[in-house]
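Here is the structure we will look at.
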Amino acid sequence: QEEKNKKQKKFEAFFSFEFFPPKTITRIETLYEKIERLIELYPLYIDITWGAGGSTSEKTLEIATKTQKFLGIESMIHLTCSNMTKEKIDKTLSQAKQNGIQNILALRGDPPQGYKEFKAVDSSFQHAIDLVKYIRSSYGDYFGIAVGGYPEGHSEAKSYEEDLQHLKEKVDAGGDFIITQMFFDTNIFLKFVQDCRNIGITCPIIPGIMIVADYAGFKKMTDFTKMSVQKEIMNKLEKIKDDKVAITNFGVEFAIDMCKKLINAKVPGLHFYTLNRDNVTKILEGLGLIQNCRSRREYPWRKSAHPKRK
Ligand code: FAD
Numbered sequence: 071q072e073e074k075n076k077k078q079k080k081f082e083a084f085f086s087f088e089f090f091p092p093k094t095i096t097r098i099e100t101l102y103e104k105i106e107r108l109i110e111l112y113p114l115y116i117d118i119t120w121g122a123g124g125s126t127s128e129k130t131l132e133i134a135t136k137t138q139k140f141l142g143i144e145s146m147i148h149l150t151c152s153n154m155t156k157e158k159i160d161k162t163l164s165q166a167k168q169n170g171i172q173n174i175l176a177l178r179g180d181p182p183q184g185y186k187e188f189k190a191v192d193s194s195f196q197h198a199i200d201l202v203k204y205i206r207s208s209y210g211d212y213f214g215i216a217v218g219g220y221p222e223g224h225s226e227a228k229s230y231e232e233d234l235q236h237l238k239e240k241v242d243a244g245g246d247f248i249i250t251q252m253f254f255d256t257n258i259f260l261k262f263v264q265d266c267r268n269i270g271i272t273c274p275i276i277p278g279i280m281i282v283a284d285y286a287g288f289k290k291m292t293d294f295t296k297m298s299v300q301k302e303i304m305n306k307l308e309k310i311k312d313d314k315v316a317i318t319n320f321g322v323e324f325a326i327d328m329c330k331k332l333i334n335a336k337v338p339g340l341h342f343y344t345l346n347r348d349n350v351t352k353i354l355e356g357l358g359l360i361q362n363c364r365s366r367r368e369y370p371w372r373k374s375a376h377p378k379r380k
């Protein structure tokens, strides 16, 4: 019994895996095989991103539905609103409910490539909060709702403080928990959590962990989101940018180190942006988190401050 208690105490945070819908049928088939292998690691749930341009969005619900139904893993869909018609939002929500999907990461979405700003397709969905409110008013507590948070402030925000206030409004409107944008300095995340607590955000805040595996992609992403990357990391990556194996190893080691710090700081969970790769296995191995049964941790949406579905 003592041994069992020790094991349970050792790791209390859950982990979840994010995937994106590939463009071709063959790649989708490969993704199903990958997900089937990765859920053997017992993530608490998986989530599927929403192709903002609309190109792969049809696939989001299909993949989440199939993985939940046939692989038995709780699945969440991402849904963006500002670049969608109300009809498409309605169709997606009602189809999600029909298919038994109960969790949505409610987002605004980004402007199309090449545009700095964009006009909402439907003026009633300007920001993610509009989608959160709409889901709550149309579906009550049927859906668990996650919202995006930005440890360094969102790139378009007038200020970090104002962005935090908008985050609080999203949570107050019905968001159950926050998943953050990636970051590369644990202290930035920990300060963000403290700042959220100071303004009265009490829900779970889950760090989003990016596993670096490709220099060009990393550079594009960090430039676009205006994220700060420590000089040492950039220098190291510059040196190994043409060596795929070295970059992959670096990404894994870096993520392990960051996750250790986050676990020490008692985060409720770790959200891995897998980019459809399976190197998350190495990270869990490095953290000693390979489990042989499902995690006992509660789903984050059950710990929300809002009245919850059973
Ligand atoms: P919002 O909460 O609407 O915030 C956007 C900006 O508007 C911020 O600067 C905010 O401060 C400001 N703002 C918010 N509310 C108000 C208000 N009431 N008045 C004035 N200003 C306001 N994108 C995809 O296309 N597909 C995905 O699957 C996807 N997954 C993501 C997963 C995570 C965990 C995160 C963090 C982001 C993801 N994104 C995805 C990217 C996201 O769509 C962009 O970051 C987008 O620019 C902002 O989305 P948001 O939901 O945070 O927007």
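Per our numbering, the very first residue in the sequence shown carries number 71; after that it's consecutive.
Ideal Cβ placement from N, Cα and C applies to all residues, glycine included.
Computed from a prediction, not measured in an experiment: that's the story for all the values here.
Closest to residue i by CA distance: which of the options is it?
| i | options | result |
| --- | --- | --- |
| I281 | S145, I310, I353 | I353 |
| V263 | K93, L359, K336 | K336 |
| P370 | Y115, T318, L237, C151 | Y115 |
| Q168 | N153, K139, D180, Q196 | K139 |
| I95 | E106, K129, R107, F89 | K129 |
| G179 | C151, Y185, S164 | C151 |
| K93 | I105, T126, R364, E103 | T126 |
| R206 | Y230, G219, D160 | D160 |
| G219 | R97, I248, K203 | I248 |
| C273 | R372, F188, E187, G142 | R372 |
| E323 | L357, E308, N362, P221 | L357 |
| K330 | V315, E355, I143 | E355 |
| M291 | L201, L141, I147, Q183 | Q183 |
| L67 | M304, D312, P221 | The shown model of the chain, from 71 to 380, leaves out residue 67, and the question about it has no answer. |
Answer yes or no: the CB of residue i versus the heavy atoms of the ligand FAD, is any distance below 7 Å?
| i | result |
| --- | --- |
| I199 | yes |
| W371 | no |
| G278 | yes |
| K167 | no |
| L101 | no |
| L175 | yes |
| R178 | yes |
| I249 | yes |
| A325 | no |
| K311 | no |
| D246 | no |
| D233 | yes |
| M218 | It is Gly, not Met, that sits at residue 218 in the sequence shown. True, at least one ligand heavy atom lies under 7 Å from that Cβ. |
| T318 | no |
| E128 | no |
| E226 | yes |
| T162 | no |
| T272 | no |
| T150 | yes |
| T119 | yes |
If we ignore side chains and look at the alpha-carbon of each, how far apart do residue i and residue j end up?
| i | j | result |
| --- | --- | --- |
| I99 | T351 | According to the sequence provided, residue 99 is Glu. The question's Ile does not apply to it. Taking the straight line joining both Cα atoms gives about 20 Å. |
| T155 | I310 | 44 Å |
| R267 | N257 | 15 Å |
| W120 | F84 | 23 Å |
| G339 | Q235 | 23 Å |
| T162 | E302 | 44 Å |
| Y112 | S86 | 9 Å |
| D233 | L149 | 20 Å |
| A166 | L131 | 7 Å |
| L101 | A325 | 22 Å |
| W367 | A190 | Checking the displayed sequence, the identity of residue 367 turns out to be Arg instead of Trp. Their Cα atoms are separated by approximately 38 Å. |
| R364 | Y185 | 43 Å |
| K380 | L345 | Residue confidence for K380 is low, a pLDDT of 43 falling below 50, so the modelled location carries little weight; the figure read from the coordinates is stated next. In a straight line, the C-alpha of K380 is about 32 Å away from that of L345. |
| L54 | I360 | No information on residue 54 is available, as it lies outside the stretch 71 to 380 that the chain covers here. |
| P181 | L237 | 20 Å |
| K314 | P91 | 23 Å |
| S164 | K158 | 10 Å |
| K104 | R97 | 10 Å |
| A176 | E187 | 19 Å |
| G287 | N362 | 33 Å |
| Y385 | V202 | What the structure shows of the chain is the stretch from 71 to 380, and residue 385 is not part of that stretch, so it cannot be assessed. |
| E82 | M328 | 16 Å |
| K289 | L141 | 35 Å |
| E231 | Y204 | 25 Å |
Between residue i and residue j, how many whole angstroms is the CB-CB distance? I'm expecting something under 8 Å.
| i | j | result |
| --- | --- | --- |
| I109 | S145 | About 10 Å separates the two Cβ atoms, so there is no contact after all. |
| I271 | E239 | 10 Å between Cβ atoms; not a contact. |
| F342 | E88 | 7 Å |
| T137 | I143 | 6 Å |
Using only the heavy atoms of the ligand ADP, determine whether one of them is closer than 7 Å to the beta carbon of residue i.
| i | result |
| --- | --- |
| E239 | This structure lacks the ligand ADP; the ligands present are the ligand FAD. |
Are at least three pairs of beta-carbons, each pair with one atom in the stretch 205-217 and one in the stretch 168-187, less than 8 Å apart?
yes
Quick test of the definition: if touching needs 3 or more C-beta pairs under 8 Å, does the stretch 332-349 touch the stretch 280-299?
With three or more CB-CB distances shorter than 8 Å, the stretch 332-349 counts as touching the stretch 280-299.
Quick check: the stretch 218-237 against the stretch 288-298, are at least 3 beta-carbon pairs closer than 8 Å?
Flag = yes, the stretch 288-298 and the stretch 218-237 touch.
Quick check: the stretch 268-279 against the stretch 246-257, are there 3 or more CB pairs under 8 Å?
yes
Does the contact criterion of 3 or more C-beta pairs under 8 Å hold for the stretch 182-195 versus the stretch 240-250?
no
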